[in-house]
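Numbers 176 to 521, taken from our numbering, label the letters of the sequence shown in order. Notes follow once the structure below has been shown.
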Amino acid sequence: MKVKEIINKLAETTCAEREELIFLLKNITPGERELLRAAAQSAARQSFGNKIYIRGLIELTNICKNDCYYCGIRRSNAKAVRYRLSREQILSCCKTGYSLGFRTFVLQGGEDGFYNDDLMCEIVREIKATYPECAVTLSLGERGEESFRRLKEAGADRYLLRHETADEAHYALLHPPEMSLKNRKESLFALKKLGYQTGAGFMVGSPGQTFETLAEDLMFLKELEPQMCGIGPFIPHCDTPFADKPAGGLELTLTLLSVIRLMHPKILLPSTTALGTISPRGREEGILHGANVVMPNLSPAEHRKDYSLYDNKICTGDEAAECIRCLSNRMKNIGYEIVTERGDYK
Ligand code: 5AD
Ligand code: FES
């Protein structure tokens, strides 16, 4: 089968065999990339028009009990300047965000036991009581099914938990032995079962990744059918074991965004900050390749630079208001419009 035929098949049936996906990733030519891009953009246009949803990212804590080899806030990084936001600080971020038009708040953080179920449920309840029309998305790692259930009951709507890689051996190369792909997958299925709009995802170009493991990621997404998918390039962080590894490529990340869009026409697919970090027009290119979400930062300015998962992260010096203005212009310049609706999965 030729690459062109595989692209057509994806566009028509949203499915492909593992071998076809590997073949496409390995052999796609510049001309075929453009074909893929145009098909993915048109699929996104069909689902969302020229609307781009925004999510306000609030980085709760950079304290983490995990030690993922790629991540700048891993527990072994003694150089990280650690912080936690208080309940009041979090609510104040929501207040700023709400007045800027955000109707989704994403509470993201390391796996930090300080934010136990009682505290997190209280925070979620308070946000939902103050802003009943807003969605609350959590991105707090693997907390166990009972915790996921309580948080859902408190009012959380969505949960982001990237699977990082769907290949066992690759997962073991990126994570210390106490973490397992099995737990990660079980968490994702539990979240879906509990009724969360669930987000999976992975880094592109992480050490040890191959076209075969990427095809595995795509097959896993088909199996899980998440409502959201976060992908962005791997970017080395200078104080991690992967400091000297090369960053993931722009082109491959864009190709994967397009493939995911064709395989999941309705999926909520962010054009990530990491993509904007490896290339000045990365986020615009992400949208033009089928993404439909951007996630500006609402974290307090004084902690922005400490939530450093990778080097050279953009927007750490900007106020939320500046970012939203900047992004609105960037989207306008490519024919898209940022909207303030919640942007649930339909
Ligand atoms: N480069 C790019 N993305 C990273 N993440 C963590 N570390 C890095 C890095 N060095 C991503 C992971 C995680 C998400 C919050 O950030 O995929 O799930
Ligand atoms: Fe933050 Fe442009 S999006 S400055």
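The beta-carbon is built from N, C-alpha and C at its ideal position, and this holds for glycine as well. Owing to the predicted nature of the structure, the values given are computational and were not obtained by experimental measurement.
Not one heavy atom of the ligand 5AD is found less than 8 Å from the C-beta of residue 384.
Of all C-beta pairs linking the stretch 258-271 to the stretch 458-468, fewer than three are shorter than 8 Å, placing the two stretches out of contact. With a cut-off of 8 Å on Cβ pairs, the stretch 271-291 is in contact with the stretch 234-249, counting three or more such pairs. With fewer than 16 other Cβ atoms from the protein chains shown falling within 10 Å of its own Cβ, residue 455 counts as exposed.
For residue 465, the CB contacts under 8 Å within the same chain, skipping 5 residues up- and downstream, are 212, 215, 216, 218, 219, 432, 433, 435, 436, 437 and 444 in chain order. Taking the CA atoms as reference points, residue 195 sits about 13 Å from residue 189.
Rounded to whole angstroms, the separation of the alpha carbons of residue 315 and residue 489 is 22 Å.
A direct Cα-to-Cα measurement between residue 181 and residue 514 gives close to 34 Å. Annotation: the continuous alpha helix (DSSP H) that includes residue 223 extends over 205-223. Less than 9 Å separates the beta-carbon of residue 384 from that of residue 409. Looking at 418, 336 and 449, the one whose alpha-carbon comes closest to that of residue 404 is 336. Residue burial is scored here from C-beta neighbours: residue 381 has at least 16 other C-beta atoms within 10 angstroms and is therefore classed as buried.
Closest option to residue 210, judged by alpha-carbon separation, among 201, 453 and 178: 178. A check of alpha carbon separations from residue 492 across 479, 334 and 257 identifies 479 as the nearest.
Rounded to the nearest whole angstrom, the CA to CA distance from residue 191 to residue 350 is 29 Å. In this chain, the beta strand (DSSP E) harbouring residue 334 covers 333-335.
For residue 377, the uninterrupted beta strand (DSSP E) run begins and ends at 372-379, by DSSP.
Residue state for residue 403 is assigned as strand, using DSSP reduced to three classes. Placement of the Cβ of residue 341 at a distance of 8 Å or more from every heavy atom of the ligand 5AD is found. In this chain, residue 231 is not harboured by any alpha helix (DSSP H); it is covered by the beta strand (DSSP E) spanning 231-236. Proximity to residue 221 across 477, 441, 379 and 268 peaks at 441, based on C-alpha coordinates. For residue 282, there is no enclosing alpha helix (DSSP H); the enclosing beta strand (DSSP E) covers residues 279-284.
Its Cα nearest to that of residue 346, the residue 391 stands out among 482, 508, 391 and 324. Any heavy atom of the ligand 5AD within less than 6 Å of a residue's beta carbon puts that residue on the list, which reads 245, 246, 337, 339, 378, 407, 409, 410, 412, 449, 484 and 485. Going by DSSP, residue 311 is part of the beta strand (DSSP E) stretching over 310-314.
A straight line joining the alpha-carbon of residue 481 with that of residue 234 spans about 10 Å. Ranked by Cα distance from residue 422, the first of 223, 246, 198 and 197 is 246.
Considering only 326, 469, 313 and 387, the residue with the shortest C-alpha distance to residue 512 is 469. Exclusion of the five residues before and after residue 498 leaves 471, 472 and 490 as the residues of its chain whose Cβ lies within less than 8 Å of its Cβ. With 16 or more other CB atoms across the displayed protein chains lying within 10 angstroms of its CB, residue 231 is buried.
In the DSSP assignment, residue 259 forms a beta bridge with 236.
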